[in-house]
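Asks:
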Amino acid sequence: MKKWTTIVLAAALTVTAAPVLPSAHAADSPTSIVNGTAKPVSYELLGGLSDGAVSFWNKSTDRYGFLDTNGKTIVTAQYNEVKPFSEGLAAVRKGMLWGFVDKKGKMVVKPQYERVVEGFSGGLAAVKKTGGKWTYIDKTGRTKLTAAYDEVHEFKDGMAVVWKRKGASYLGGFIDLTGKEIVKPQYAMVNVFSEGLAPVMKNGKWGYIDKKGKSVIKPQFDGAAPFSEGLALFLQNGKYGYVNAKGKVVVKAQYTGGQPFSEGRAAVKVGGSANDRTGKWGYIGVTGKLVIPAQFTDENAEIGAFKEGVAFVQRADFSKVLIDRFGRVLVDLQSDDVTVGEFQNGAAVVNAPVGPGHYYFMQNPLKSKK
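The sequence shown runs -26 to -1, 1 to 344 under mature numbering (1 follows the signal peptide of the UniProt record, and there is no 0).
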């Protein structure tokens, strides 16, 4: 299940990784926890929803497959490792090699790659054969671009981060969808493009560049996240704030924690420090005003972003609830040991560790009331 981790602003992009799946638990039926809005699933491990599908693990065979949001198997559990669906395809590993399947379970790009970077974005996926160079393929498996870099990433907002080794370190730059090097590798740390801008670090400070490589917000922050809904989270002197695309600070650095904006709301932490889990979380609007008072804790669970009008939060007594954009409780989950993923197309994955099949699909409570 996807976790909503507070942005670690000082971290560079990871290169490639296995899908992060939650650990399994055991116990008995959790149906009442979700007030009849969840559908039991007979698997002990589910990933997060992506592109209308969710990965599952078959314990008896130790293999992965995919379900749709009705719990129907769309890709049988036959793979050693899988990555989330994106743009209709998912990377799957059989033995030591990666290929791509569609939502009917058809292998559309046969296993032949030693490494893949997540999945398709902008119609392209980054892959690498044993002993070969990084290339970007289309959905038929045809090579469209060859990338002469040591590490590459998927495209975001029409640009991909690329890395070149320099001595014991790496320098990051960007290429566009044609493979043209727009920003030569020169930055010790970078993040992805979003809304036309990307955070980059220069001389120990973060700023933003545009798609021509021009500095549009001078390096001045201790950390910086990609833009979301016209604002970007930044860190300065141990406090978080938000800046707009013109470089104007819209919400001054005053919070000890923060998350990107989603559906007009951003979670912020009041009290404690940036390095601990004390303090309380609330939500601000785009003007920076607290619209949901700081009352939630992330001591045992992450604070959720709003998706489809709903966010998963943990109250001070460690009980878990789903709230709407005004802080009203939609569903009391009646447990301090349950998590709910982000909603997509009216559904979310629930992990309620009180039953043998304790992963579930939950209907969006806002849609179920209509």
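Ideal Cβ positions, reconstructed from N, Cα and C, are used throughout, including at glycine.
These numbers were taken from a predicted model, which means no experiment stands behind them.
Measure from the alpha carbon of residue 282 to the alpha carbon of each residue in 261, 293, 265, 304, then state which is nearest.
Replies: 304
Asks: When burial is assigned at 16 or more other CB atoms within 10 Å of the CB, is residue 146 buried or exposed?
Replies: buried
Asks: Residue range of the beta strand (DSSP E) that residue 304 falls in?
Replies: 303 to 306
Asks: Going by DSSP, what residues sit across from residue 327 in a beta bridge?
Replies: For residue 327, which the question treats as bridged, DSSP gives no partner whatsoever.
Asks: I'd like the list of long-range same chain contacts for residue 338, defined as Cβ closer than 8 Å, with 5 residues on each side in sequence excluded.
Replies: 282, 283, 284, 317, 320, 321, 322
Asks: Would you call the CB atoms of residue 239 and residue 299 closer than 7 Å?
Replies: yes
Asks: If you draw a straight line from the C-alpha of residue 179 to the C-alpha of residue 134, how long is it?
Replies: 22 Å
Asks: Using the beta-carbon count (16 or more within 10 Å), is residue 81 buried or exposed?
Replies: Exposed is the call here.
Asks: With distance defined between alpha-carbon atoms, name the residue in 35, 247, 194 nearest to residue 221.
Replies: 194
Asks: Between the Cα of residue 44 and those of 36, 28, 245, spot the shortest distance and give me the residue it belongs to.
Replies: 28
Asks: Suppose you measure from the CA of residue 234 to the CA of residue 86; what does that come to, to the nearest Å?
Replies: Taking the Cα positions, residue 234 is about 37 Å away from residue 86.
Asks: Below 8 Å on the Cβ atoms is my guess for residue 113 versus residue 132; work out the distance and round it to an integer in Å.
Replies: The pair is not a contact, with the Cβ atoms about 17 Å apart (cut-off 8 Å).
Asks: Should residue 273 be labelled buried (16 or more other beta-carbon atoms within 10 Å of its own) or exposed?
Replies: It counts as exposed.
Asks: Inspect the beta-carbon positions of residue 23 and residue 30 and report whether they are closer than 7 Å.
Replies: Result no, Cβ atoms of residue 23 and residue 30 do not sit closer than 7 Å.
Asks: What does the Cβ neighbour count give for residue 207, buried or exposed, with the cut at 16 atoms within 10 Å?
Replies: buried
Asks: Assign residue 288 to one of two classes, buried (16 or more other C-beta atoms within 10 Å of its C-beta) or exposed (fewer than that).
Replies: buried
Asks: Pop quiz: residue 62 and residue 77 are said to be a contact at Cβ under 8 Å. What is the actual Cβ separation, rounded to whole angstroms?
Replies: 6 Å
Asks: To which residues does DSSP link residue 125 through a beta bridge?
Replies: 137
Asks: Just tell me which of 183, 259, 159 has its CA closest to the CA of residue 237.
Replies: Nearest neighbour of residue 237 by Cα position, chosen from 183, 259, 159, turns out to be 259.
Asks: Quick one: Cα of residue 104 to Cα of residue 49, how far?
Replies: 26 Å
Asks: Return the chain-ordered list of same chain residues with a C-beta closer than 6 Å to the C-beta of residue 183, the five sequence neighbours on each side being excluded.
Replies: 172, 174, 189
Asks: Just grab the DSSP bridge partners of residue 55 for me.
Replies: 67
Asks: Quick check on the DSSP output: what are the complete beta strand (DSSP E) runs of length 3 or more inside the stretch 237 to 275, in order along the chain?
Replies: Runs of the beta strand (DSSP E) inside the stretch 237 to 275: 240 to 244, 254 to 258, 264 to 270.
Asks: Considering only C-alpha positions, which residue in the set 306, 46, 150 is nearest to residue 121?
Replies: Comparing Cα positions, the closest option is 150.
Asks: Since residue 154 is in the beta strand (DSSP E), which residue starts that stretch and which ends it?
Replies: It is not in any beta strand (DSSP E) - residue 154 carries neither H nor E in the DSSP assignment.
Asks: So, for residue 65: in the same chain, excluding its five sequence neighbours on each side, which residues have a beta-carbon less than 8 Å away from its beta-carbon?
Replies: 56, 57, 72, 73, 74, 90, 92, 93, 99
Asks: Is the Cβ-Cβ distance between residue 262 and residue 225 less than 7 Å?
Replies: The answer is yes: Cβ separation under 7 Å.
Asks: Among residues of its own chain, excluding the 5 on either side of residue 54, which ones have a beta-carbon nearer than 6 Å to its beta-carbon?
Replies: 67
Asks: Could you tell me the distance, in whole angstroms, from the CA atom of residue 168 to the CA atom of residue 291?
Replies: Roughly 37 Å separates the two Cα atoms.
Asks: Going by the beta-carbon positions, is the gap between residue 191 and residue 204 smaller than 7 Å?
Replies: No, the Cβ-Cβ distance between residue 191 and residue 204 is not below 7 Å.
Asks: So what's residue 340 in DSSP terms, helix, strand or just coil?
Replies: helix
Asks: Under 7 Å Cβ to Cβ from residue 187, same chain only, skipping five residues before and after it: list those, please.
Replies: 156, 157
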